[in-house]
Amino acid sequence: MTLPDLAPAAWLLLAVAAILVGVSKTAIPGINTLSIAAFAAVLPARSSTGALLILLLLGDAFALLSYRKYAHWPTLLRLIPAVVTGLALGALFLALADDTWVRRIIGVILLFVVAFTLWQRARRAASPPQLSVGDGAVPQSGRLAAGGYGTLGGFTTMVANAGGPVMSMYFLAARFPVHAFLGTAAWFFAVINLAKLPISIGLGLITPELLSLDLLLAPGVILGAILGRWIAARIKQRAFDWAVTVCTILGACYLLIA
Numbered sequence: 154m155t156l157p158d159l160a161p162a163a164w165l166l167l168a169v170a171a172i173l174v175g176v177s178k179t180a181i182p183g184i185n186t187l188s189i190a191a192f193a194a195v196l197p198a199r200s201s202t203g204a205l206l207i208l209l210l211l212g213d214a215f216a217l218l219s220y221r222k223y224a225h226w227p228t229l230l231r232l233i234p235a236v237v238t239g240l241a242l243g244a245l246f247l248a249l250a251d252d253t254w255v256r257r258i259i260g261v262i263l264l265f266v267v268a269f270t271l272w273q274r275a276r277r278a279a280s281p282p283q284l285s286v287g288d289g290a291v292p293q294s295g296r297l298a299a300g301g302y303g304t305l306g307g308f309t310t311m312v313a314n315a316g317g318p319v320m321s322m323y324f325l326a327a328r329f330p331v332h333a334f335l336g337t338a339a340w341f342f343a344v345i346n347l348a349k350l351p352i353s354i355g356l357g358l359i360t361p362e363l364l365s366l367d368l369l370l371a372p373g374v375i376l377g378a379i380l381g382r383w384i385a386a387r388i389k390q391r392a393f394d395w396a397v398t399v400c401t402i403l404g405a406c407y408l409l410i411a
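Each residue of the sequence shown is one higher than the last, beginning at 154 in the numbering used here.
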């Protein structure tokens, strides 16, 4: 297997992005948007999707080890039909769209989702959270929002591994506490990314050259996951919410102007 021919600055950017993948899985999910932007800046959009998927799966393993017991299963089950629909739409879009359209559409979707989520949170600011991890409580965002976010999450994760920011906005809208957020997200993306793997191979997004690149970057994901656990143990809820939101906005803006 041969490595891509990249400039030293590009290798440095990818190494930082790999660390951010680890941090996103165990501390601040929205920061993964910056990793998406970095990979898209160095590699063609379709190749960056394939390369990043393998690193995300590695990060998923660390997230499950850290937070698997905090998941809110009623939320996960409610999302399944919409996410499957989104994955199918995303696979169809990938088969037809070029790199520029992939970046632009994902950027627009992310900005729309951020704006909608902030509006929802402002509208419900006076009401107490309804989520109780481990029981059947329905999050404040309800079934209609689960369908909308789930479809967009499935579509964006299939097209550009950008489902993390979309689903982060859903969990923020539902006002998940930090550990419930991370535990639910850990199971959600572990299952979704595994489901995407054969589809991505079939679409030619994962190649031997990209696998060799991922092998070189894997230690960065591990380092980031360890750093993320340290951050998650100390971060306050309000800081967590704003970090997720700001990182999502920054990544979306980059995808629009790149």
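Here a beta-carbon is modelled for each residue, glycine too, at the ideal position from N, C-alpha and C.
Between Leu173 and Ala298, the alpha-carbon positions lie close to 28 Å from each other. Under the 10 Å beta carbon count, Thr186 is surrounded by 16 or more other beta carbons and is classified as buried. Phe246 sits close to Val312, with the two beta carbons spaced by under 8 Å.
Residue environment: Pro318 is assigned as buried (16 or more neighbouring CB atoms within 10 Å of its CB, all protein chains considered).
By alpha-carbon distance to Cys406, the top candidate from Ile258, Trp164, Pro227 and Leu210 is Ile258. For Leu206, the three-state secondary structure derived from DSSP is helix. Contact check for Gly301 against Gly307 fails: the beta carbons are separated by 8 Å or more. Note on geometry: alpha-carbon atoms of Ala378 and Ala180 lie some 8 Å from one another.
Counting only the Cα atoms, Pro197 lies some 27 Å from Met322. If the five residues before and after Leu305 are omitted, its C-beta is found closer than 7 Å to the C-beta atoms of Gly239, Ile262, Val266 and Val319, all from its own chain and listed in chain order. For the pair Ala171 and Ile189, the Cα-to-Cα distance works out to about 10 Å. The alpha helix (DSSP H) runs lying completely inside the region 325-373 and spanning 4 residues or more are 331-355, given in chain order.
If you draw a 10 Å sphere on the C-beta of Lys389, you find fewer than 16 other C-beta atoms in it, and that means exposed. Inter-residue distance for Ser201 and Pro351 is about 16 Å (C-alpha atoms, whole angstroms).
Residue range Pro161 to Thr179 is occupied by the alpha helix (DSSP H) that includes Pro161. Contact between Val195 and Ile184 fails: their C-beta atoms lie close to 18 Å from each other, not under 8 Å. It is roughly 21 Å from the alpha-carbon of Ala160 to the alpha-carbon of Leu208.
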